[in-house]
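Numbering (the working numbering), first residue to last: 132 to 320.
Structure below.
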């Protein structure tokens, strides 16, 4: 298995299930374990990159950290609002979004161009087609409804941080589990 966080977690769980006699081999093409999780130095300051964050209201990751004896190494956020670098400048991570998807055009003002703002404003009036049981990629659905810039400048940065993946490869059901039940019968409201 791979040496990223998912592979290492799977290896740990396999070890627990197989006991000391099982053989588990970890392969990774990189020169270190951890996959895309790493620390880079930016402006002389260490910065974690990759999907290193998790939500404390969910118990799974804190429980795993405690099980591994790593709970004391957990670090709280700095309190500084996350930023997106786009168009040669820093922008605050948009508020008023759901996983980067705008709830209003004003939530992406300054981050996307005027044509994209107009598209976001017009979105509620556009017909919505949905195939029951389908699971489109988040990028496909969001680009169709809100434009490519919305995907590139709002949705992708957020999903990369949460899921360590691209909106082009993450299905809507994985990113928005609440829609899972509803998507089998009707379009999401």
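Even glycine gets a Cβ: it sits at the ideal position worked out from N, Cα and C.
Can you tell me which of the three DSSP states residue i falls into?
i: residue 268; result: strand
i: residue 297; result: coil
i: residue 287; result: helix
i: residue 215; result: strand
i: residue 302; result: strand
i: residue 149; result: helix
i: residue 176; result: strand
i: residue 313; result: Only weak support exists for where residue 313 lies, its pLDDT of 49 falling under 50; the coordinates are left without a value.
i: residue 144; result: helix
i: residue 232; result: strand
i: residue 154; result: coil
i: residue 133; result: coil
i: residue 138; result: helix
Does the Cβ of residue i have 16 or more other Cβ atoms within 10 Å, making it buried, or fewer, making it exposed?
i: residue 277; result: buried
i: residue 156; result: exposed
i: residue 284; result: buried
i: residue 262; result: exposed
i: residue 306; result: buried
i: residue 256; result: exposed
i: residue 250; result: buried
i: residue 308; result: exposed
i: residue 280; result: buried
i: residue 177; result: exposed
Only counting the same chain, and skipping five residues up and downstream in sequence, which positions put a Cβ closer than 8 Å to that of residue i?
i: residue 302; result: 266, 267, 268, 269
i: residue 180; result: 167, 168, 169, 170, 171
i: residue 221; result: 214, 215
i: residue 226; result: 238
i: residue 297; result: 270, 287, 290, 291
Check for me: the beta strand (DSSP E) holding residue i runs from which residue to which?
i: residue 221; result: 220-223
i: residue 171; result: 169-173
With residue i as the anchor, note down where its alpha helix (DSSP H) starts and where it stops.
i: residue 192; result: 191-198
i: residue 251; result: 245-253
In chain order, what residues of the same chain have a beta carbon less than 6 Å from the beta carbon of residue i, not counting five sequence neighbours either side?
i: residue 231; result: 285, 286, 289
I'd like to know whether the C-beta atoms of residue i and residue j end up nearer to each other than 8 Å.
i: residue 206; j: residue 224; result: no
i: residue 153; j: residue 164; result: no
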